[in-house]
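Anchor point for the sequence shown: position 765 equals 1947 in the numbering used here, and the numbering is continuous, going up by one each time.
Beta carbons: idealized from backbone N, C-alpha and C, even for Gly.
Comments concern the structure below.
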Amino acid sequence: MVDDNVTPIRQQYLDIKREYPHTIVFFRLGDFYETFDEDAETTSRELEIVLTSRNVAKGVRIPMAGIPYHAAETYLARLIDKGYHVAICEQIGDPPKKGLVHREVVRVVTPGTVLEPELLKSERNNYLAAVWRDDKQAGFAYVDITTGEFAATSFDGPNIANLLRAEATRLQPAEILAADDFLPMDGLRGHKTQWAAWHFESGRCREVLLQHFGAASLDSFGLSSHGVVVQAAGAILQYLQQTQPAALQLLTTLSTYHARDFMAIDAVTRRNLELTETLRKGERKGSLLHVLDRTRTPMGRRLLAQWVSKPLLDVNEIQKRQDGVEALFTRGLLRAELADGLKALGDLERLTNRVASGTASPRDLVAIRSSLADLPSISALFSEPLPALSHILADFSICKAELTLLNESISDDPPATLQNIGVIRPGYSEELDHVVEASTHARDWIDNLEMVERQRTGIAKLKVGYNKVFGYYIEVSRAQAVNVPEEYIRKQTLVNAERYITPEMKEYETLVLNAEEQIRAIENRVFKQICQTIGASAELLLRTARALAELDALNSLADTAAIHDYVRPTVTDSLHIDIIEGRHPVVEQSLSSERFVANDAVLENGEYIRIITGPNMSGKSTFLRQVAIIVLMAQLGSFVPAKKAEIGVVDRIFTRIGAQDEIHAGQSTFMVEMVETANILHNATHRSLLILDEIGRGTSTYDGLSIAWAIIEYIHNHPALRARTLFATHYHELTQLSEILPGVRNYNVAVSEADGRPVFLHKIVAGAADRSYGVHVAQLAGLPRPVIQRASEILTQLEASSGSAVRIEETQVHQLALFPETNPLLQELESMDINTLSPIEALNKLYEWQKFFTHREKES
Ligand code: ADP
Ligand code: MG
1183 MVDDNVTPIR QQYLDIKREY PHTIVFFRLG DFYETFDEDA ETTSRELEIV
1233 LTSRNVAKGV RIPMAGIPYH AAETYLARLI DKGYHVAICE QIGDPPKKGL
1283 VHREVVRVVT PGTVLEPELL KSERNNYLAA VWRDDKQAGF AYVDITTGEF
1333 AATSFDGPNI ANLLRAEATR LQPAEILAAD DFLPMDGLRG HKTQWAAWHF
1383 ESGRCREVLL QHFGAASLDS FGLSSHGVVV QAAGAILQYL QQTQPAALQL
1433 LTTLSTYHAR DFMAIDAVTR RNLELTETLR KGERKGSLLH VLDRTRTPMG
1483 RRLLAQWVSK PLLDVNEIQK RQDGVEALFT RGLLRAELAD GLKALGDLER
1533 LTNRVASGTA SPRDLVAIRS SLADLPSISA LFSEPLPALS HILADFSICK
1583 AELTLLNESI SDDPPATLQN IGVIRPGYSE ELDHVVEAST HARDWIDNLE
1633 MVERQRTGIA KLKVGYNKVF GYYIEVSRAQ AVNVPEEYIR KQTLVNAERY
1683 ITPEMKEYET LVLNAEEQIR AIENRVFKQI CQTIGASAEL LLRTARALAE
1733 LDALNSLADT AAIHDYVRPT VTDSLHIDII EGRHPVVEQS LSSERFVAND
1783 AVLENGEYIR IITGPNMSGK STFLRQVAII VLMAQLGSFV PAKKAEIGVV
1833 DRIFTRIGAQ DEIHAGQSTF MVEMVETANI LHNATHRSLL ILDEIGRGTS
1883 TYDGLSIAWA IIEYIHNHPA LRARTLFATH YHELTQLSEI LPGVRNYNVA
1933 VSEADGRPVF LHKIVAGAAD RSYGVHVAQL AGLPRPVIQR ASEILTQLEA
1983 SSGSAVRIEE TQVHQLALFP ETNPLLQELE SMDINTLSPI EALNKLYEWQ
2033 KFFTHREKES
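Pasting the structure below:
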């Protein structure tokens, strides 16, 4: 498609751009990356840079926006963050004598394939995920090319969409590849990349995987029977081939997993419980992870986040992790020393991957070196065998050979890039030392030239300088120019000075400059060799990095347990939950003046449903979440905020938090509530833990009450359910259920009185709440006294008329609903014709009413 009317460089650009239609092309022109046409409009808008224009043909100007290449990373980061993909198009080779320099896209940067440390968050994995779905099942694969993690799974059953969502919420991928729209992205942080379906084609994906792993069959990856898994994983590999081929060699294995191997936490629950970020602001501070995280290394921080997102189900595995925490918990000194030793370590995991992928800089090797140098002292901390940690220490190597190599080969403080010389330590490469030595004499000669020439010519202010155009020169002031020796050759005249060169000087200059070029070339070569050697040990380094991450995460849990007074829970296969003096780990940290009131939670065989009543703000929701979080902490291997706890393993936690406690913009809250509740009732098992907070709040009282009632009955009676359930409600009527259903017990939040006002004790006690507290709370809220008194009257009447509890019957419904309309004031108000009322008459009416009420108040 050659267009005679455009300039050759425009044609080159168009040819390249055609290959990357949905990608912003950064087109290297000298010291700039330029963008053109629509790309220019996008970058100028998103990056707030000037939009200019450029002539590409006679009378044709097109939009253009450029950024300096050395500042590219910051700009790149901002575009990637907004979900754009950027193709980096570089100039390749030297400019030819005639025509254009060759240009080529060297990589495509997308949110899920960045490698630059500047574009990554150290505390978080940067996942690229792919989803493929057919009629019956869905395949899901994810990769973190900065750490080499590559994993895949599949989902089936009627609930695929929810399962996919839950998995995506757990991992929060930076980018998700999909051929279709079946994964809604709301609530997910990442960006969706729509990718043509043929990339997911089964045979093609299988071929790509076999080729990548050099395998004859996929059996050893546990993949043979999982068609959709192969499709998702294969698509990821193809995507990396197109965007970041250097990263492919880091993916040495693919692990297949089953979501049923760890606790299922649906997307809503994950957010409700604020496991890794808060509900409102999405911040890490205020989350469970924030309280637990006392890690000292980036890899430890990422691992702990994974643990919190993925509690275990296997009692043995949980106990193994608990043993590790306990070993460090009971050894305060070791814990402090380990924390201290870990503190100085770099991101050994990502650094190693940079070396292996060939993107490491000299300073990355220095960072690896200083990390490795700390390993012997960490290893020495475990000179006495600790059985609880031995399986981790078995993977830990002090990497002596690698450290020795880095010590011998890399200078103490090398330049940031290989553009500058001085990376390699003298004494490492004979060839290099030889060139350096040879150039040293020439360099010395030039260094001494100024002094020598001043003496020889008697010109005191003679200077030797260097610039890119002339190389070395001798500068003499205008006034002294007459005194220069005759072999000086004048090169340049400035306002006040003359510049000269001499043939001898130019000879030394050539020696120096040639040597520098040579040194740079040798250093580059030697550096690559060192990276290759270190890269060959990548597996050893990564194993060590992961062992360190595990020690760090365990130490963090032990540290938190010691500081906040946690206890090791007994985890069993029973269906009990028995928490003595439990606390909410996050809320207890956030209270400044008050003390957090500890509460017991006992759910046992046959009595698995608790209905919790109590006034608003008394602590119901906090209690509910606290129980769920303690269970979750126990299963991730952590100690828990309690005096004593026994936890029978929970397979899934479901939460439904009522309308008041959650904001749903633009959706019918009741619909959302019912959809979520349906999900719970369909998917919970008798091993699940259900946290139902104010269900039915989103609709009218009697609707809500009836639905809540029916839901509890269903959970109680359905043979596949009978799940441990905490149900907080303001429907006092629900407490009657404990008389009808043997598995239901009541809890309420104790309230005491001081000066005639209720004081919330935040203490959960057995039994149903005294319902009149609602009226007291109304008083606390500042409702007018007459209203409070009238409400108390009505309450007494209602209770008298129906015995100890209000029965759920049609007649009652009407009686309750009718009562406000029987108020004489309302009747009068309703029958009044305001249009015919004069202002004075209205005022009189008000006066009359007020008198009526004041009178009544005195009477009572
Ligand atoms: P409810 O759900 O009953 O309306 P919340 O659980 O939302 O009440 O609690 C309201 C506030 O009371 C919380 O924000 C917290 O500050 C405080 N609170 C709750 N439980 C406790 C407790 N056990 N100890 C101390 N303060 C508590
Ligand atoms: Mg609440």
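Original post:
Helix or strand or just coil, what does DSSP make of Gly1764?
Top reply: If DSSP states are grouped into helix, strand and coil, Gly1764 belongs with the strands.
Original post:
Between the segment 1526-1536 and the segment 1544-1556, are three or more C-beta pairs nearer than 8 Å?
Top reply: The segment 1526-1536, when compared against the segment 1544-1556, does touch it at the 8 Å Cβ threshold.
Original post:
Residues in its own chain within less than 8 Å of Gln2032 by CB, not counting five upstream and five downstream?
Top reply: Closer than 8 Å at Cβ, skipping near neighbours: no residue.
Subject >> Through-space distance from Gly1801 to Glu1763, alpha-carbon basis >> reply: The alpha-carbon atoms of Glu1763 and Gly1801 are separated by roughly 15 Å.
Original post:
Under a three-way DSSP split, which group does Glu2003 fall into?
Top reply: Any reading at Glu2003 must be qualified, since the residue scores a pLDDT of 46, below 50, and its modelled position is unreliable; the value itself is stated next. Correct three-state label for Glu2003: helix.
Original post:
If you pair each beta-carbon of the segment 1292-1305 with each one of the segment 1351-1361, do three or more pairs fall below 8 Å?
Top reply: Segments in contact, yes.
Subject >> Contacts around Leu1391, its chain only, beta-carbon distance under 7 Å, and the 5 residues preceding and following it disregarded >> reply: If the five residues before and after Leu1391 are omitted, its C-beta is found closer than 7 Å to the C-beta atoms of Leu1400, Val1412, Ala1415, Gly1416, Leu1419, all from its own chain and listed in chain order.
Original post:
Going by the beta-carbon positions, is the gap between Ser1920 and Asn1930 smaller than 7 Å?
Top reply: Taking 7 Å as the Cβ cut-off, Ser1920 and Asn1930 do not qualify as a contacting pair.
Original post:
Closer than 6 Å: is that where the CB of Asn1798 sits relative to any heavy atom of the ligand ADP?
Top reply: Flag set: Cβ of Asn1798 near the ligand ADP.
Subject >> C-beta contact flag for Tyr1251 and Tyr1215 at 7 Å >> reply: It is a contact, given that the beta carbons lie within the stated cut-off.
Original post:
Do Ala1780 and Arg1792 have their CB atoms nearer than 7 Å?
Top reply: No; because the gap between Cβ atoms is not below 7 Å, this pair is not in contact.
**OP:** Determine the closest residue to Asp1615 out of Ser1719, Arg1750, Glu1228, Ile1701, with distance taken between C-alpha atoms.
**Re:** Of Ser1719, Arg1750, Glu1228, Ile1701, the residue nearest in Cα terms is Ile1701.
Original post:
So, are the CB atoms of Glu2061 and Phe1778 less than 7 Å apart?
Top reply: The displayed coordinates of the chain run from 1183 to 2042. Any statement about residue 2061 would go beyond what the structure contains.
Original post:
Tell me which same chain residues have a C-beta within less than 8 Å of the C-beta of Glu1592, skipping the five on either side of it?
Top reply: According to the sequence displayed, residue 1592 carries Ile and not Glu. Hits under 8 Å: Pro1544, Leu1547, Val1548, Arg1551, Val1605, Ile1606, Arg1607, Ile1712.
**OP:** State the Cα-Cα distance for the pair Ala1753 and Ala1816, rounded to the nearest angstrom.
**Re:** Just to set this straight, residue 1753 is Val in the shown sequence, not Ala. The straight-line gap from Cα to Cα measures roughly 7 Å.
Subject >> Buried versus exposed, by CB contacts within 10 Å (16 or more), Leu1515 >> reply: Classification for Leu1515: exposed.
Original post:
Got a sec: does the ligand MG put a non-hydrogen atom nearer than 6 Å to the Cβ of Lys2043?
Top reply: Because the chain in this structure spans residues 1183 to 2042, residue 2043 falls outside the shown range and cannot be described.
**OP:** Tell me, please, whether the segment 1266-1283 touches the segment 1235-1249 by the rule of three or more beta-carbon pairs shorter than 8 Å.
**Re:** No, because fewer than three Cβ pairs between the segment 1266-1283 and the segment 1235-1249 fall closer than 8 Å, the two stretches do not touch.
Subject >> Simplified DSSP assignment, three categories, for Tyr1266 >> reply: Taken through DSSP and simplified to helix, strand or coil, Tyr1266 comes out as coil.
Original post:
Cβ-heavy atom distance between Lys1199 and the ligand MG below 6 Å?
Top reply: False, no ligand heavy atom lies under 6 Å from that Cβ.
Original post:
Can you tell me whether Tyr1309 is buried or exposed, with buried defined as 16 or more other CB within 10 angstroms of its CB?
Top reply: Tyr1309 should be labelled buried.
Subject >> Cα-Cα separation, Asp1338 to Glu1349 >> reply: Between Asp1338 and Glu1349, the C-alpha separation is close to 13 Å.
Subject >> Stretch-stretch touch, CB-based, cutoff 8 Å, three pairs: the segment 1368-1383 with the segment 1477-1493 >> reply: They do not touch, by the three-pair rule.
Original post:
In the segment 1360-1393, which residue ranges form an unbroken beta strand (DSSP E) of at least 3 residues, counting only runs that do not cross its ends?
Top reply: If only uninterrupted beta strand (DSSP E) runs of at least 3 residues are considered, those enclosed by the segment 1360-1393 are 1373-1376.
**OP:** Check the DSSP bridge columns for Leu1916 and list the partner residues they point to.
**Re:** Under DSSP, no beta-bridge partner is assigned to Leu1916.
Subject >> Same chain only: Cβ atoms within 8 Å of Leu1470, ignoring 5 sequence neighbours per side >> reply: Excluding positions up to five away in sequence, the list reads Leu1455, Glu1456, Leu1457, Thr1458, Val1490, Pro1767, Val1768, Ile1811, Leu1814, Met1815.
Original post:
How long is the line joining the alpha carbons of Ala1343 and Leu1211, rounded to whole angstroms?
Top reply: Each residue's Cα considered, the two are about 47 Å apart.
Subject >> Closest residue to Thr1622 among Arg1243, Cys1581, Glu1698 (Cα-Cα distance) >> reply: Cα-wise, what sits closest to Thr1622 is Glu1698.
Subject >> Three-state secondary structure (DSSP) of Val1296 >> reply: In the three-state reduction of the DSSP assignment, Val1296 falls in the coil class, being assigned neither a helical nor a strand state.
Original post:
Is the Cβ-Cβ distance between Tyr1655 and Ile1628 less than 7 Å?
Top reply: No. Outside cutoff.
Original post:
Beta-carbon separation of Ile1829 and Ile1873 under 7 Å?
Top reply: With respect to the 7 Å criterion, Ile1829 and Ile1873 are not classified as neighbours on the basis of their beta carbons.
Subject >> Val1831 versus Gln1501 - alpha carbon distance >> reply: Within the model, the alpha-carbon separation for Val1831 versus Gln1501 is close to 12 Å.
Original post:
Nearest-angstrom Cα distance between Glu1732 and Leu1575?
Top reply: Whole-angstrom Cα-Cα distance: 10 Å.
Original post:
Is the beta carbon of Phe1909 within less than 6 Å of some heavy atom of the ligand ADP?
Top reply: No, since every heavy atom of the ligand ADP falls outside the 6 Å radius drawn around the Cβ of Phe1909.
Original post:
Hey, how far is the Cα of Arg1347 from the Cα of Val1410?
Top reply: When rounded, the distance between both Cα atoms is 17 Å.
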